[in-house]
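Take 835 as the starting number for the sequence shown in my numbering and just add one per residue.
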Amino acid sequence: MGHLDHASFGWLTPALSYVMACIGAALGLSCTVRALDSTGRSRRNWLITSASAIGSGIWTMHFIAMLGFGVSGTDIRYDVPLTLLSLLGAMVVVGGGVFAVGYGRDRTRALLLGGLATGLGVASMHYLGMAALRLHGTIHYDPLRVALSVAIAVAAATAALWAALNIKSSRAVAPASLVMGAAVSSMHYTGMFAVSVRVAPSGQGLPGATTMQFIFPLAVGLGSYLFLTSAFVALSPTAGERAAYAFAERTEALADTDPAAPQGFTGRGAAFRSRRGGGLGAPEAATTPVTRS
(Lines of atoms letter the chains of each structure in order from A and count residues from 1; the text may use other names and numbers.)
(Lines give C-alpha, C1' and ligand atoms only; values in the text may rest on other atoms or scores of the structure.)
Protein backbone atom coordinates (compact mmCIF):
# COMPACT_ATOMS: atom_id res chain seq x y z
CA MET A 1 0.00 0.00 0.00
CA GLY A 2 1.30 3.43 -0.90
CA HIS A 3 1.59 6.08 1.80
CA LEU A 4 -0.85 8.96 1.17
CA ASP A 5 0.10 12.52 1.99
CA HIS A 6 -2.88 14.90 2.02
CA ALA A 7 -0.92 18.05 2.86
CA SER A 8 2.54 17.88 1.33
CA PHE A 9 2.78 21.70 1.52
CA GLY A 10 1.66 21.80 5.16
CA TRP A 11 -1.38 23.89 6.04
CA LEU A 12 -1.09 26.04 2.89
CA THR A 13 -3.29 23.96 0.59
CA PRO A 14 -5.99 23.11 3.20
CA ALA A 15 -6.24 26.76 4.27
CA LEU A 16 -6.27 28.13 0.73
CA SER A 17 -8.81 25.55 -0.42
CA TYR A 18 -11.07 26.49 2.51
CA VAL A 19 -10.84 30.17 1.55
CA MET A 20 -11.86 29.36 -2.03
CA ALA A 21 -14.78 27.22 -0.82
CA CYS A 22 -15.98 30.13 1.34
CA ILE A 23 -15.67 32.62 -1.53
CA GLY A 24 -17.65 30.35 -3.86
CA ALA A 25 -20.30 29.77 -1.19
CA ALA A 26 -20.59 33.48 -0.35
CA LEU A 27 -20.94 34.43 -3.99
CA GLY A 28 -23.44 31.65 -4.67
CA LEU A 29 -25.54 32.59 -1.63
CA SER A 30 -25.46 36.28 -2.54
CA CYS A 31 -26.64 35.51 -6.07
CA THR A 32 -29.39 33.19 -4.79
CA VAL A 33 -30.61 35.89 -2.40
CA ARG A 34 -30.65 38.39 -5.30
CA ALA A 35 -32.51 35.85 -7.45
CA LEU A 36 -35.23 35.37 -4.85
CA ASP A 37 -35.75 39.15 -4.82
CA SER A 38 -36.04 39.30 -8.62
CA THR A 39 -38.37 38.06 -11.34
CA GLY A 40 -38.20 36.94 -14.96
CA ARG A 41 -34.86 36.99 -16.74
CA SER A 42 -33.20 38.69 -13.81
CA ARG A 43 -34.00 35.75 -11.52
CA ARG A 44 -32.77 33.27 -14.12
CA ASN A 45 -29.50 35.15 -14.63
CA TRP A 46 -28.79 35.39 -10.92
CA LEU A 47 -29.45 31.66 -10.49
CA ILE A 48 -27.10 30.80 -13.37
CA THR A 49 -24.41 32.96 -11.77
CA SER A 50 -25.06 31.28 -8.43
CA ALA A 51 -24.64 27.80 -9.93
CA SER A 52 -21.43 28.77 -11.72
CA ALA A 53 -20.05 30.36 -8.54
CA ILE A 54 -20.80 27.40 -6.28
CA GLY A 55 -19.60 24.91 -8.90
CA SER A 56 -16.39 26.85 -9.54
CA GLY A 57 -15.81 27.33 -5.82
CA ILE A 58 -16.06 23.66 -4.89
CA TRP A 59 -14.03 22.61 -7.94
CA THR A 60 -11.28 25.10 -7.12
CA MET A 61 -11.38 24.03 -3.48
CA HIS A 62 -11.02 20.37 -4.45
CA PHE A 63 -8.10 20.78 -6.81
CA ILE A 64 -6.20 23.29 -4.67
CA ALA A 65 -6.43 20.68 -1.91
CA MET A 66 -5.25 18.06 -4.42
CA LEU A 67 -2.10 20.12 -5.06
CA GLY A 68 -0.97 18.84 -1.66
CA PHE A 69 -1.93 15.22 -2.36
CA GLY A 70 0.78 12.69 -3.04
CA VAL A 71 1.30 8.93 -3.00
CA SER A 72 4.68 7.41 -2.22
CA GLY A 73 6.09 5.25 -4.98
CA THR A 74 4.22 6.80 -7.90
CA ASP A 75 3.76 10.02 -9.81
CA ILE A 76 0.28 11.53 -10.28
CA ARG A 77 -1.33 12.81 -13.46
CA TYR A 78 -4.85 14.01 -14.31
CA ASP A 79 -7.02 13.10 -17.27
CA VAL A 80 -7.84 16.51 -18.78
CA PRO A 81 -11.27 15.79 -20.38
CA LEU A 82 -12.54 14.02 -17.26
CA THR A 83 -11.29 16.84 -15.04
CA LEU A 84 -13.14 19.40 -17.14
CA LEU A 85 -16.23 17.17 -17.05
CA SER A 86 -16.12 17.24 -13.25
CA LEU A 87 -16.27 21.06 -13.37
CA LEU A 88 -19.12 21.14 -15.89
CA GLY A 89 -21.02 18.42 -14.05
CA ALA A 90 -20.75 20.32 -10.78
CA MET A 91 -22.19 23.48 -12.34
CA VAL A 92 -25.06 21.62 -14.04
CA VAL A 93 -26.12 19.57 -11.02
CA VAL A 94 -25.73 22.48 -8.60
CA GLY A 95 -27.72 24.56 -11.10
CA GLY A 96 -30.56 22.07 -10.83
CA GLY A 97 -30.54 22.55 -7.08
CA VAL A 98 -30.55 26.33 -7.03
CA PHE A 99 -33.20 26.49 -9.77
CA ALA A 100 -35.39 24.17 -7.70
CA VAL A 101 -35.15 26.63 -4.82
CA GLY A 102 -35.50 29.67 -7.08
CA TYR A 103 -38.69 28.50 -8.79
CA GLY A 104 -40.20 26.03 -6.32
CA ARG A 105 -43.61 27.01 -4.95
CA ASP A 106 -43.50 24.66 -1.97
CA ARG A 107 -40.52 25.99 -0.01
CA THR A 108 -39.96 22.86 2.08
CA ARG A 109 -40.08 20.53 -0.90
CA ALA A 110 -37.94 22.89 -2.97
CA LEU A 111 -35.38 23.12 -0.17
CA LEU A 112 -35.11 19.35 0.24
CA LEU A 113 -34.94 18.73 -3.51
CA GLY A 114 -32.49 21.58 -4.04
CA GLY A 115 -30.28 20.49 -1.14
CA LEU A 116 -30.20 16.91 -2.41
CA ALA A 117 -29.35 17.97 -5.98
CA THR A 118 -26.73 20.50 -4.90
CA GLY A 119 -25.14 18.08 -2.44
CA LEU A 120 -24.97 15.36 -5.07
CA GLY A 121 -23.39 17.93 -7.39
CA VAL A 122 -20.67 18.61 -4.81
CA ALA A 123 -20.08 14.88 -4.28
CA SER A 124 -20.13 14.05 -8.00
CA MET A 125 -17.56 16.76 -8.68
CA HIS A 126 -15.29 15.27 -6.02
CA TYR A 127 -15.50 11.68 -7.22
CA LEU A 128 -15.33 12.59 -10.90
CA GLY A 129 -12.21 14.56 -10.06
CA MET A 130 -10.82 11.51 -8.29
CA ALA A 131 -11.71 9.33 -11.29
CA ALA A 132 -9.50 11.63 -13.38
CA LEU A 133 -6.51 10.65 -11.22
CA ARG A 134 -3.82 8.63 -13.00
CA LEU A 135 -1.09 6.78 -11.08
CA HIS A 136 0.83 3.51 -11.03
CA GLY A 137 -1.55 1.39 -9.00
CA THR A 138 -5.20 1.01 -8.11
CA ILE A 139 -7.40 3.22 -5.94
CA HIS A 140 -9.82 1.70 -3.43
CA TYR A 141 -12.52 3.40 -1.36
CA ASP A 142 -14.01 2.70 2.08
CA PRO A 143 -17.78 2.57 1.33
CA LEU A 144 -18.80 3.90 4.76
CA ARG A 145 -16.57 6.95 4.50
CA VAL A 146 -17.75 7.59 0.96
CA ALA A 147 -21.37 7.48 2.15
CA LEU A 148 -20.48 9.81 5.04
CA SER A 149 -18.86 12.29 2.64
CA VAL A 150 -21.97 12.33 0.43
CA ALA A 151 -24.19 12.84 3.49
CA ILE A 152 -22.02 15.78 4.60
CA ALA A 153 -22.28 17.31 1.11
CA VAL A 154 -26.09 17.03 1.06
CA ALA A 155 -26.42 18.40 4.60
CA ALA A 156 -24.09 21.31 3.80
CA ALA A 157 -25.94 22.17 0.60
CA THR A 158 -29.34 22.01 2.30
CA ALA A 159 -28.15 24.26 5.12
CA ALA A 160 -26.72 26.75 2.62
CA LEU A 161 -29.93 26.89 0.59
CA TRP A 162 -31.97 27.25 3.78
CA ALA A 163 -29.78 30.23 4.62
CA ALA A 164 -30.39 31.68 1.16
CA LEU A 165 -34.15 31.39 1.67
CA ASN A 166 -34.06 33.00 5.09
CA ILE A 167 -31.25 35.55 4.90
CA LYS A 168 -32.65 39.08 5.06
CA SER A 169 -29.35 40.96 5.22
CA SER A 170 -26.20 40.71 3.13
CA ARG A 171 -24.22 40.64 6.39
CA ALA A 172 -25.69 37.22 7.18
CA VAL A 173 -24.12 35.77 4.03
CA ALA A 174 -20.64 35.85 5.59
CA PRO A 175 -21.25 33.47 8.53
CA ALA A 176 -23.36 31.19 6.34
CA SER A 177 -20.57 30.97 3.76
CA LEU A 178 -17.99 30.18 6.48
CA VAL A 179 -20.14 27.29 7.63
CA MET A 180 -20.69 26.01 4.09
CA GLY A 181 -16.98 26.34 3.30
CA ALA A 182 -16.14 24.28 6.38
CA ALA A 183 -18.72 21.65 5.41
CA VAL A 184 -17.42 21.40 1.83
CA SER A 185 -13.84 21.07 3.09
CA SER A 186 -14.96 18.42 5.58
CA MET A 187 -16.69 16.54 2.78
CA HIS A 188 -13.51 16.66 0.68
CA TYR A 189 -11.18 15.35 3.38
CA THR A 190 -13.69 12.74 4.54
CA GLY A 191 -13.76 11.48 0.95
CA MET A 192 -9.96 11.58 0.77
CA PHE A 193 -9.60 9.59 3.99
CA ALA A 194 -11.78 6.94 2.33
CA VAL A 195 -9.02 6.44 -0.26
CA SER A 196 -6.32 3.79 -0.20
CA VAL A 197 -3.85 3.09 -3.00
CA ARG A 198 -2.16 -0.19 -3.89
CA VAL A 199 0.94 0.93 -5.75
CA ALA A 200 2.25 -1.13 -8.69
CA PRO A 201 5.66 0.34 -9.57
CA SER A 202 6.23 0.79 -13.29
CA GLY A 203 8.74 2.50 -15.51
CA GLN A 204 6.09 3.51 -18.03
CA GLY A 205 5.02 7.11 -18.32
CA LEU A 206 1.61 8.15 -17.09
CA PRO A 207 -0.94 9.73 -19.42
CA GLY A 208 -2.48 13.08 -18.58
CA ALA A 209 -1.23 16.39 -17.21
CA THR A 210 0.56 17.26 -14.00
CA THR A 211 -1.03 19.58 -11.45
CA MET A 212 1.27 22.46 -12.42
CA GLN A 213 0.66 21.98 -16.14
CA PHE A 214 -3.14 21.99 -15.97
CA ILE A 215 -4.77 22.04 -12.54
CA PHE A 216 -2.90 25.03 -11.10
CA PRO A 217 -3.48 27.40 -14.08
CA LEU A 218 -7.16 26.46 -14.27
CA ALA A 219 -7.60 26.90 -10.52
CA VAL A 220 -5.99 30.35 -10.73
CA GLY A 221 -8.30 31.25 -13.62
CA LEU A 222 -11.43 30.15 -11.76
CA GLY A 223 -10.24 31.89 -8.62
CA SER A 224 -9.88 35.11 -10.60
CA TYR A 225 -13.39 34.62 -11.98
CA LEU A 226 -14.76 34.26 -8.45
CA PHE A 227 -12.99 37.39 -7.21
CA LEU A 228 -14.11 39.50 -10.18
CA THR A 229 -17.69 38.24 -10.01
CA SER A 230 -17.74 38.92 -6.26
CA ALA A 231 -16.73 42.52 -6.94
CA PHE A 232 -19.44 42.83 -9.60
CA VAL A 233 -22.13 41.46 -7.26
CA ALA A 234 -20.99 43.74 -4.43
CA LEU A 235 -21.29 46.79 -6.69
CA SER A 236 -24.67 45.80 -8.17
CA PRO A 237 -27.61 47.44 -6.34
CA THR A 238 -30.11 45.20 -4.63
CA ALA A 239 -33.78 45.05 -5.55
CA GLY A 240 -34.58 47.35 -2.62
CA GLU A 241 -32.01 49.90 -3.75
CA ARG A 242 -33.32 49.83 -7.31
CA ALA A 243 -36.89 50.26 -6.07
CA ALA A 244 -35.84 53.22 -3.91
CA TYR A 245 -34.01 54.70 -6.88
CA ALA A 246 -37.09 54.31 -9.10
CA PHE A 247 -39.25 55.94 -6.40
CA ALA A 248 -36.80 58.85 -6.12
CA GLU A 249 -36.80 59.24 -9.91
CA ARG A 250 -40.61 59.39 -10.04
CA THR A 251 -40.70 61.84 -7.16
CA GLU A 252 -38.12 64.08 -8.80
CA ALA A 253 -40.01 63.97 -12.11
CA LEU A 254 -43.18 64.94 -10.28
CA ALA A 255 -41.37 67.82 -8.59
CA ASP A 256 -40.10 69.05 -11.96
CA THR A 257 -43.59 69.07 -13.51
CA ASP A 258 -45.66 70.19 -10.53
CA PRO A 259 -44.33 73.23 -8.60
CA ALA A 260 -46.69 72.40 -5.72
CA ALA A 261 -45.19 68.92 -5.24
CA PRO A 262 -42.74 68.25 -2.36
CA GLN A 263 -39.19 69.22 -3.26
CA GLY A 264 -37.31 67.20 -0.66
CA PHE A 265 -36.45 64.17 -2.81
CA THR A 266 -34.39 65.84 -5.53
CA GLY A 267 -31.10 65.25 -3.77
CA ARG A 268 -32.03 61.66 -3.05
CA GLY A 269 -32.73 61.01 -6.71
CA ALA A 270 -29.36 62.42 -7.65
CA ALA A 271 -27.66 60.25 -5.04
CA PHE A 272 -29.25 57.10 -6.40
CA ARG A 273 -28.48 58.20 -9.95
CA SER A 274 -24.79 58.14 -9.06
CA ARG A 275 -25.10 54.42 -8.29
CA ARG A 276 -27.15 53.61 -11.34
CA GLY A 277 -26.55 50.21 -12.92
CA GLY A 278 -28.63 47.13 -12.52
CA GLY A 279 -26.23 44.21 -12.74
CA LEU A 280 -27.92 41.10 -14.05
CA GLY A 281 -31.29 42.15 -15.43
CA ALA A 282 -31.49 45.53 -13.69
CA PRO A 283 -33.86 47.30 -16.11
CA GLU A 284 -36.54 44.75 -15.42
CA ALA A 285 -36.18 44.90 -11.66
CA ALA A 286 -35.93 48.66 -11.46
CA THR A 287 -39.57 49.43 -12.06
CA THR A 288 -41.37 47.56 -9.35
CA PRO A 289 -40.26 46.31 -5.92
CA VAL A 290 -40.73 42.57 -5.60
CA THR A 291 -40.99 40.18 -2.73
CA ARG A 292 -39.66 36.65 -2.41
CA SER A 293 -41.85 33.88 -3.63
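Don't be surprised by glycine CBs; every beta carbon is placed ideally from N, CA and C.
Positions of the beta strand (DSSP E) runs, each at least 3 residues long and wholly inside the segment 955 to 1027, are given as 967 to 969 and 971 to 975 in order along the chain. Leaving aside the five residues that flank ALA1028 on each side, the residues in its chain whose CB is nearer than 7 angstroms to its CB run, in chain order, TYR975, ASP976, ARG979, VAL980 and SER983. Following the DSSP letters along the chain, one finds ARG939 in no beta strand (DSSP E), marked with neither H nor E. When rounded, the separation of the alpha-carbon atoms in LEU969 and LEU947 is 37 angstroms.
Annotated three-state conformation of LEU838 is strand, per DSSP.
Short of 7 angstroms from the beta carbon of ALA1043, and not among the five residues preceding or following it, lie these beta carbons of its own chain, in chain order: ARG911, TYR912 and VAL914. Excluding its 5 nearest sequence neighbours in each direction, THR1045 has C-beta neighbours in its own chain below 6 angstroms: LEU901, listed in chain order. Ranked by Cα distance from GLY907, the options ARG1032, SER1064 and LEU1012 are led by ARG1032. Pairing ILE892 with SER1036, the inter-Cα distance amounts to about 33 angstroms. Closest option to LEU922, judged by alpha-carbon separation, among ARG868, ILE882, ASP871 and SER876: ILE882.
LEU967 and ASP839 have their alpha carbons spaced roughly 15 angstroms apart. The DSSP-derived three-state label of SER886 is helix.
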